[in-house]
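Okay, structure first, notes after.
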Amino acid sequence: FAVELAGYLISYEIGLMASNSINPLLGSTDATLSSLFYYFSLLIFFIVGIHQEVIKAFTLSFEILPVGSFFLQANPMVEYVREVSNVFVLGVLMAAPFIALNFIVNISFAVLGKAVPKMNVFITSFAIRILAGLVLLVSSILLFSSYVIEHSRRSVQVMLDIIQSG
Numbered sequence: 001f002a003v004e005l006a007g008y009l010i011s012y013e014i015g016l017m018a019s020n021s022i023n024p025l026l027g028s029t030d031a032t033l034s035s036l037f038y039y040f041s042l043l044i045f046f047i048v049g050i051h052q053e054v055i056k057a058f059t060l061s062f063e064i065l066p067v068g069s070f071f072l073q074a075n076p077m078v079e080y081v082r083e084v085s086n087v088f089v090l091g092v093l094m095a096a097p098f099i100a101l102n103f104i105v106n107i108s109f110a111v112l113g114k115a116v117p118k119m120n121v122f123i124t125s126f127a128i129r130i131l132a133g134l135v136l137l138v139s140s141i142l143l144f145s146s147y148v149i150e151h152s153r154r155s156v157q158v159m160l161d162i163i164q165s166g
């Protein structure tokens, strides 16, 4: 969900919300970068081998908490709310450079509009926002993949911690 949220926010910030792709799973449309980030993170998930860690965590969960045993945790909702908020924070962190870039581009075009009143800065800013956003997107691929790897590994560990605390 974090990568889809980041893709949605980035699409909105750099002006690519007009292009949507069809999501047959949900029967709706998604932002194109949201779908791209989802498939890219899924590719990273399998290439790095995190899927094997998830399978090992599931088998370990059956050793920690055998089938038919009772799972009792004092307050599981606290952990769940914390993890959901961490996913939201990760999505916003991934989109933060693009939000800052959009702010800088808008401020610079506001100054340019005052300096050169005859220039149509509204139309020109669309192309510059998309171009600058795509340049930043290409340059931040490694940062994006490190976020995905770190969050995926941490999610596996959190799952085991919740089971062990019960």
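By our numbering, the letter at position 97 of the sequence shown is numbered 97, and the numbering carries on one by one without gaps.
Even for Gly, the Cβ is constructed at its ideal location relative to N, Cα and C.
Note that the structure is predicted; figures quoted are calculated from it, not measured.
Same chain, Cβ closer than 6 Å to residue i, five either side skipped, listed in chain order
i      : result
TYR147 : MET94
ALA115 : none
Same chain, Cβ closer than 7 Å to residue i, five either side skipped, listed in chain order
i      : result
SER145 : ILE44
8 Å Cβ cutoff met for residue i and residue j
i      : j      : result
VAL105 : ARG129 : yes
GLY7   : SER34  : yes
ILE162 : GLU79  : yes
VAL121 : GLY113 : yes
LEU160 : SER61  : yes
GLU4   : TYR39  : no
GLU63  : VAL158 : no
PRO97  : SER69  : no
LEU101 : HIS151 : no
ILE57  : VAL156 : Per the sequence shown, residue 57 should be read as Ala rather than Ile. Yes, the pair counts as a contact, with Cβ atoms nearer than the cut-off.
VAL67  : ILE149 : no
Residue burial classification, residue i (beta-carbon count within 10 angstroms, cutoff 16)
i      : result
ILE123 : exposed
ILE14  : buried
SER108 : exposed
HIS51  : exposed
ALA2   : buried
SER125 : buried
LEU25  : exposed
SER41  : buried
Residue span of the alpha helix (DSSP H) that contains residue i, given as start and end
i      : result
SER35  : 32-48
PHE144 : 141-165
PHE68  : At residue 68 the sequence reads Gly, which differs from the Phe that was named. Run containing GLY68: none; DSSP gives neither H nor E here.
VAL3   : 2-14
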